[in-house]
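So, in structure tokens, the structure goes:
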């Protein structure tokens with residue numbers, strides 16, 4: 021059986037969950053089903069506000085689903101499992117802690133903040149090129165550097181699954197490309213399974229083994245695209261036919277461009 | 472001479488000199504009677520001659536201010552935690568707190584005097600009353616302003632409520648607590664003086680009142696001066712506390 025099985029997941033936010041301004045329940049996620057293997061990097065691609073973040077939070081056990089099932093490594097997810105890593109759109113570091121202590125935060129919560137943990141934190145920060153900034157405070161770092169610290173924090177407890185919610189969405193394009201390469205390198209070293217929410221078609225294709233394309237809200241899985249480009253990848257693959265073909269299929273599934281068959285009919 | 476010295480010491484000092492010069496000239500040229508406006512040298516003489524009295528009365532006002540402020544912290548912080556973390560408690564008491572804040576506390580002073588007498592207790596109650604609101608309101612706001620992502624991160628690791636509070640909420644709220652404490656300490660001095668005005672036989676507020684009633688205006692001015700020094704001193708105390716926590720607090724631009 022696949023490592024991750026997401027089956028007919030549906031989420032309806034009730035009025036109470038939405039706060040006082042909402043008048044009726046909102047269907048955030050209509051019907052999501054897909055599977056992925058251990059060590060896979062899967063991109064969840066869709067228009068903003070389509071419910072892919074909601075799905076990510078359901079997989080992480082942070083919110084309850086209304087229907088369907090989510091099983092990761094054979095366990096049905098109903099609450100946080102404690103061994104997942106989270107990276108958010110904003111770095112969300114603690115301004116009162118230095119870089120090293122920010123990375124070690126999960127180990128403190130898990131009461132495993134020992135010498136081995138510190139060694140691992142040093143290794144991770146070395147891997148992302150921040151070994152010279154251990155005692156720097158978050159505000160002294162650039163946005164990209166902060167997000168690298170957040171990445172280390174998400175990996176420090178060797179999570180079974182890394183959940184990333186548009187982690188590089190706020191970065192400029194060059195920094196984003198750098199971070200993409202960094203993520204692929206980290207994935208290679210740690211063999212982590214990754215679910216990666218994004219609304220960038222090229223980022224989704226560049227990073228992942230598989231792209232799951234979502235429709236507009238209420239989201240359904242519109243298409244699954246297996247990206248047949250071998251790892252390790254470098255920025256050069258962006259200019260290969262296999263890459264553009266995958267981008268094209270994703271764009272069609274998102275409704276950005278009309279399918280080739282229809283175009284041919286029209287002309 | 473550096474520009475820093477000029478901007479931080481020379482210019483502010485020059486401002487003080489100008490004001491005093493205008494004051495002296497006004498007293499001289501318009502020959503204002505001492506009862507109405509004593510010249511600076513008379514105030515200075517009063518400050519020196521009555522320094523023992525000013526210190527002993529100031530010590531009383533200082534105690535009222537600090538004890539009342541600490542009492543406000545001791546009650547305000549736990550209450551803020553309760554209000555911020557419990558939705559029922561929040562719904563029950565927060566509107567009430569805000570409504571109470573709009574009551575002019577000075578208007579309550581005579582009643583507090585009736586209840587608690589003219590001793591230290593009534594001053595503490597008034598100081599507590601005025602200092603308590605900024606502390607609870609700012610602390611509760613700080614606790615609620617904890618970034619959602621940090622709370623989710625903690626929750627994803629199955630953190631206990633105590634861990635969430637100590638490692639996430641409390642440090643995140645600390646800059647807000649300091650802001651509240653700074654407002655509270657300045658209000659605390661005002662509270663102490665109000666308490667002494669309304670009913671007391673000691674303290675700088677009482678001294679001010681009795682000096683004016685005896686037409687000893689230089690002493691009233693000296694008491695006023697002592698009160699300002701006291702206010703600056705207690706504010707500096709809070710600032711010192713802030714600096715001691717500075718490794719914990721985010722840098723100034725991020726603070727609210």
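Chains as they are written, first to last, in our numbering: chain A, 21 to 287; chain B, 472 to 727.
Built from N, CA and C at the ideal position, the CB exists for glycine as well.
- Cβ contact annotation for residue 75(A) (same chain, cutoff 7 Å, sequence separation greater than five): 29, 49, 52, 64, in chain order.
- Residue 130(A) reaches chain B at 628, counting residues in chain order whose Cβ is nearer than 7 Å.
- In chain order, 118 place their CB closer than 6 Å to the CB of residue 155(A), counting only its own chain and leaving out the 5 sequence neighbours on each side.
- The C-beta of residue 620(B) comes closer than 8 Å to at least one C-beta of chain A.
- The residue among 656(B), 624(B), 627(B) with its C-alpha nearest the C-alpha of residue 542(B) is 656(B).
- Counting C-beta pairs with one atom in each stretch, the region 95-105 of chain A and the region 31-43 of chain A have fewer than three that are closer than 8 Å, which means they do not touch.
- Under the 8 Å Cβ criterion, the region 618-631 of chain B does not count as touching the region 602-609 of chain B, having fewer than three qualifying pairs.
- Residue 33(A) is bridged by DSSP to 46(A).
- In this structure, residue 659(B) keeps its C-beta atom at 8 Å or more from the C-beta atom of residue 614(B).
- Proximity of residue 69(A) to chain B, defined by a Cβ-Cβ separation below 8 Å, is not satisfied.
- Residues of the region 22-52 of chain A that bring their beta carbon within less than 7 Å of a beta carbon in chain B are absent altogether.
- If you draw a straight line from the Cα of residue 78(A) to the Cα of residue 58(A), it comes to about 19 Å.
- By the 16-neighbour rule on beta-carbons within 10 angstroms, residue 566(B) is exposed.
- In the three-state DSSP reduction, residue 240(A) falls in the strand class (E or B).
- Distance from the CA of residue 80(A) to the CA of residue 704(B), rounded to the nearest whole angstrom, comes to 52 Å.
- Beta-bridge annotation (DSSP): residue 184(A) is paired with 107(A), 216(A).
- In the displayed model, residue 86(A) falls within coil according to three-state DSSP, outside both helix and strand.
- For residue 693(B), same chain residues with a beta-carbon under 7 Å away, outside a window of 5 residues either side, are 514, 517, 518, 521, 525 in chain order.
- By the beta-carbon neighbour count (other beta carbons within 10 angstroms, threshold 16), residue 237(A) is buried.
- Taking a C-beta distance under 8 Å as the contact criterion, residue 165(A) and residue 217(A) do not qualify as a contact pair.
- Bounds of any alpha helix (DSSP H) do not take in residue 259(A), whose DSSP letter is neither H nor E.
- Taken through DSSP and simplified to helix, strand or coil, residue 246(A) comes out as strand.
- Bridge pairing for residue 95(A): 92(A) [DSSP].
- In the structure shown, residue 176(A) adopts coil according to DSSP, grouped into three states.
- It is roughly 13 Å from the alpha-carbon of residue 38(A) to the alpha-carbon of residue 31(A).
- Listed in chain order, the positions of the region 635-666 of chain B with a beta carbon within less than 8 Å of a beta carbon of chain A are 638, 639, 642, 643, 645.
- Under the Cβ distance rule, residue 625(B) counts among the residues neighbouring chain A, one pair being separated by less than 8 Å.
- Runs of the beta strand (DSSP E) lying entirely within the region 641-713 of chain B and spanning at least 3 residues: none are present.
- Annotation: Cβ neighbours of residue 112(A) in chain B (cutoff 8 Å, chain order): 618, 620, 621, 624.
- Looking only at 23(A), 113(A), 101(A), the smallest Cα-Cα distance to residue 638(B) is reached by 113(A).
- One finds nothing in chain B with a Cβ atom closer than 7 Å to the Cβ of residue 252(A); even the nearest lies about 30 Å away.
- CA-CA distance, residue 253(A) to residue 60(A), rounds to 15 Å.
- Secondary structure of residue 225(A) (DSSP, three-state): helix.
- Against chain B, the beta carbon of residue 188(A) has no neighbour under 8 Å; the closest one sits roughly 15 Å away.
- In terms of Cα proximity to residue 535(B), the closest of 616(B), 493(B), 592(B) is 592(B).
- Counting along the chain, residue 234(A) sits inside the beta strand (DSSP E) bounded by residues 230-234.
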